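In my numbering, the protein residues as written are 6 to 426. The block underneath contains the structure these notes are about, expressed in structure tokens.
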Ligand code: HGY
Ligand code: MN
Ligand code: MN
């Protein structure tokens with residue numbers, strides 16, 4: 006087992022690598038790396054070099070997931086998957102997603118060529134945030150065989166389809182089915198920053214995720230009548246942007262009075278978008294989440310009703326569509342308990358919690374046991390350049406990870422599990 010200073014050095018390397026990868030961006034001066042964009046190629050090259058240096062075999066699957074395999078003691082041994090996503094939101098921090106990939110490579114390094122009764126496949130998912138095509142989890146959905154024609158036909162703002170983006174990256178969409186994992190997978194483990202204030206508030210470096218809340222993403226388009234801002238009396242307007250604005254306040258109001266609901270309109274686009282023109286069209290994107298699927302779907306129905314009534318009262322028409330309806334997902338109780346023990350062996354007190362952020366683990370959990378370890382987020386800030394981690398917490402996460410691997414390698418219950426896929 007590595008010494009404390011060994012974990013500290015590894016943590017320095019992991020953190021420095023995350024900051025280096027953050028410079029691979031579509032936007033100079035900030036971090037934005039979306040599905041199969043040009044900087045994703047640089048990211049693949051860099052992470053692959055770290056994987057190859059550890060003797061891992063590296064491949065890229067047909068949706069651009071980067072996959073590095075560290076074999077187990079025996080040929081044909083089962084495997085565990087450890088990873089997270091390589092893509093980012095616009096103006097991102099340096100750790101959301103990518104920390105889980107780089108830390109997994111660090112975990113393989115911490116084994117020091119030691120082999121386990123299972124192989125370790127480190128996965129960097131090509132797309133989790135849903136920025137380029139407004140639909141998240143393309144990378145992990147390929148692993149569980151959930152890529153359909155509707156998704157492949159979706160187009161980005163430049164009219165490029167998912168299928169074309171895959172071809173442009175030099176990959177073959179007809180090979181997507183091969184990205185699905187086989188029947189040799191025992192578990193999926195994801196390290197991720199908490200992206201919220203809970204662990205910092207409690208003074209805990211690491212958390213055990215018990216469940217990931219469900220989320221819906223919907224697009225609402227209000228269509229009114231564009232007109233002259235100076236000559237159109239207030240009582241004769243059909244202002245699409247004013248209708249959207251009234252509805253956005255209703256979104257906030259419903260969340261404030263409904264315990265456990267968080268809802269956000271993070272995107273609003275007005276057309277034609279000129280100061281002296283009443284907006285003829287306003288497009289708003291809703292993100293709404295709750296730990297209970299019933300409460301979430303009830304809130305979505307209420308917000309659709311409210312949008313309808315605001316539009317009707319203002320002589321504006323409404324159309325809406327669902328982009329994502331993801332139910333809440335529980336993490337594997339056995340793995341969560343093992344993570345709790347491993348956190349204690351690393352000298353920390355584990356905190357069991359739900360995740361308000363969505364993660365690839367919620368997709369993978371549809372097919373195989375999945376679990377997550379959270380690292381404390383200083384200031385609770387994420388999806389922003391201020392996002393950070395404490396070096397000591399990264400060292401503790403590595404130490405916890407090594408304990409977890411050792412525990413699973415010695416667990417007859419775990420090794421005796423039949424692999425599902
Ligand atoms: O939006 C989320 O929940 C995550 O950051 N993709
Ligand atoms: Mn994110
Ligand atoms: Mn993430």
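Virtual Cβ for every residue (Gly too), placed ideally from N, Cα, C. This structure is a prediction, so every number in the text was calculated from the model and none was measured.
Looking at the strands, I want to know which residues DSSP matches up with residue 324.
The residue given as residue 324 occupies position 319 in the chain shown. Paired residue(s): 226.
Residue list, Cβ distance to ligand 3 heavy atoms smaller than 5 Å
101, 102
For residue 251, is the beta carbon positioned less than 6 Å from some heavy atom of ligand 2?
To locate residue 251, count along the chain shown from 1; it is residue 246. Answer for residue 251: no, Cβ out of range of ligand 2.
With a Cβ-Cβ cutoff of 7 Å, do residue 287 and residue 275 count as a contact?
Stepping through the chain shown from its first residue, residue 287 is reached at position 282. Stepping through the chain shown from its first residue, residue 275 is reached at position 270. A Cβ-Cβ contact shorter than 7 Å links residue 287 with residue 275.
On the CB-based measure, 16 or more other CB atoms within 10 Å of its CB, does residue 248 come out buried or exposed?
Indexing the chain shown from 1 puts residue 248 at position 243. So residue 248 ends up on the buried side.
When the Cα atoms are used, what is the spatial distance from residue 193 to residue 260?
Against the chain shown, residue 193 aligns to sequence position 188. Against the chain shown, residue 260 aligns to sequence position 255. Per the coordinates, the alpha-carbon of residue 193 lies some 33 Å from the alpha-carbon of residue 260.
Any heavy atom of ligand 1 inside 6 Å of the beta-carbon of residue 363?
Counted from its first residue, the chain shown places residue 363 at position 358. For residue 363, the shortest separation between its Cβ and any heavy atom of ligand 1 lies below 6 Å.
Under 8 Å by Cβ, that's how I've got residue 79 and residue 52 pegged, so tell me the actual separation to the nearest angstrom.
Within the chain shown, numbered from 1, the residue matching residue 79 stands at position 74. Within the chain shown, numbered from 1, the residue matching residue 52 stands at position 47. Wrong, their Cβ atoms sit about 27 Å apart, outside the cutoff.
Closest Cα partner of residue 102 within the set 10, 169, 27:
Here residue 102 refers to the residue found at position 97 of the chain shown. Among 10, 169, 27, the Cα nearest to that of residue 102 is on 27.
Would you call the region 222–229 and the region 118–126 touching, i.e. three or more CB-CB distances under 8 Å?
Counting Cβ pairs under 8 Å, fewer than three are found: no touch.
Using a Cβ distance threshold of 8 Å, determine whether the region 42–52 contacts the region 79–88, with at least three qualifying pairs required.
no
Whole-angstrom C-beta distance between residue 333 and residue 218, which should lie under 8 Å
Looking up residue 218 in the chain shown gives position 213. Looking up residue 333 in the chain shown gives position 328. Contact holds; Cβ gap of about 5 Å.
Delimiting residues of the alpha helix (DSSP H) encompassing residue 406
Stepping through the chain shown from its first residue, residue 406 is reached at position 401. Residues 396–414.
Enclosing beta strand (DSSP E) for residue 369 [first to last residue]
Along the chain shown, read from residue 1 onward, the residue named residue 369 stands at position 364. Here residue 369 belongs to no beta strand (DSSP E); instead the alpha helix (DSSP H) covers 366–369.
Taking 7 Å as the limit between beta carbons, can you name the residues of its chain near residue 346, skipping five residues before and five after?
For the purposes of this step, residue 346 is taken as residue 341 along the chain shown, with counting starting at 1. Answer for residue 346: 412, listed in chain order.
Could you check whether the region 382–400 touches the region 239–256, counting it as contact only if at least three pairs of C-beta atoms, one from each stretch, sit closer than 8 Å?
no
With DSSP as the reference, please indicate the residues paired to residue 274 in a beta bridge.
For the purposes of this step, residue 274 is identified with residue 269 of the chain shown, where counting begins at 1. In DSSP, residue 274 forms a bridge with 288.
Quick check on the DSSP output: what are the complete beta strand (DSSP E) runs of length 3 or more inside the region 14–73, in order along the chain?
62–65
Whether or not the region 237–244 and the region 303–317 are in contact is what I'm after, with contact meaning three or more pairs of Cβ atoms, one per stretch, closer than 8 Å; do they touch?
no
Segment limits, alpha helix (DSSP H) that includes residue 314:
Counting from 1 along the chain shown, the entry for residue 314 is found at position 309. Run containing residue 314: 298–318, per the alpha helix (DSSP H) assignment.
Closer than 7 Å by C-beta to residue 181: which residues in its own chain qualify, once you throw out the five before and the five after it? Chain order, please.
Stepping through the chain shown from its first residue, residue 181 is reached at position 176. Cβ within range, chain order: 67, 68, 147, 152.
Assumed close pair residue 271, residue 382 - CB separation to whole angstroms, cut-off 8 Å
If you number the chain shown from 1, residue 271 lands on position 266. If you number the chain shown from 1, residue 382 lands on position 377. Their Cβ separation, rounded to whole angstroms, is 19 Å, which puts residue 271 and residue 382 out of contact at 8 Å.
With distances taken between CB atoms, is the gap from residue 150 to residue 131 smaller than 7 Å?
Translated into the one-based positions of the chain shown, residue 150 becomes position 145. Translated into the one-based positions of the chain shown, residue 131 becomes position 126. In this structure, residue 150 sits away from residue 131, with a CB-CB distance that is not shorter than 7 Å.
Any heavy atom of ligand 2 closer than 6 Å to the CB of residue 132?
Position 127 of the chain shown, counting from 1, holds the residue named residue 132. No, the Cβ of residue 132 stays beyond 6 Å of every heavy atom of ligand 2.
Please name the residue in 398, 399, 374 whose C-alpha comes closest to that of residue 422.
As a first step, residue 422 must be located in the chain shown, where it is residue number 417. Of 398, 399, 374, the residue nearest in Cα terms is 374.
Measuring alpha carbon to alpha carbon, tell me which of 82, 253, 50 ends up nearest residue 312.
For this step, residue 312 is matched to residue 307 along the chain shown. Of the candidates 82, 253, 50, 253 places its Cα closest to the Cα of residue 312.
Measure the alpha-carbon distance for residue 32 versus residue 178 and round it to whole angstroms.
Start at 1 with the first residue of the chain shown, and residue 32 comes out as number 27. Start at 1 with the first residue of the chain shown, and residue 178 comes out as number 173. Each residue's alpha carbon lies about 27 Å from the other.
Based on the DSSP secondary-structure assignment, which residues constitute the bridge partners of residue 269?
Along the chain shown, read from residue 1 onward, the residue named residue 269 stands at position 264. Partner(s): 292.
Within 7 Å, strictly: CB atoms of residue 344 and residue 317
Residue mapping note: residue 344 aligns to position 339 of the chain shown, counting from 1. Residue mapping note: residue 317 aligns to position 312 of the chain shown, counting from 1. The answer is no: Cβ separation not under 7 Å.
Between which two residues does the beta strand (DSSP E) holding residue 97 run?
Reading the chain shown from its first residue, position 92 is the one you call residue 97. In the DSSP annotation of this structure, residue 97 is not part of any beta strand (DSSP E), being labelled neither H nor E.
Can you list, in chain order, the residues of its chain with a C-beta nearer than 6 Å to that of residue 157? Leave out the 5 residues immediately preceding and following it.
As a position in the chain shown, residue 157 is number 152, starting the count at 1. Here the set comprises 167, 168.
Any idea what DSSP makes of residue 257, helix, strand or coil?
Taking the chain shown and counting its residues from 1, one reaches residue 257 at position 252. Residue 257 falls in the helix class under three-state DSSP.
CB contact check: residue 197 to chain D, cutoff 7 Å
No chain D is part of this structure, which consists of one protein chain only.
Would you kindly work out how many angstroms separate the C-alpha atoms of residue 404 and residue 116, rounded to a whole number?
As a position in the chain shown, residue 404 is number 399, starting the count at 1. As a position in the chain shown, residue 116 is number 111, starting the count at 1. In a straight line, the C-alpha of residue 404 is about 11 Å away from that of residue 116.
Answer yes or no: do residue 92 and residue 134 have a C-beta to C-beta separation smaller than 7 Å?
As a position in the chain shown, residue 92 is number 87, starting the count at 1. As a position in the chain shown, residue 134 is number 129, starting the count at 1. Yes.
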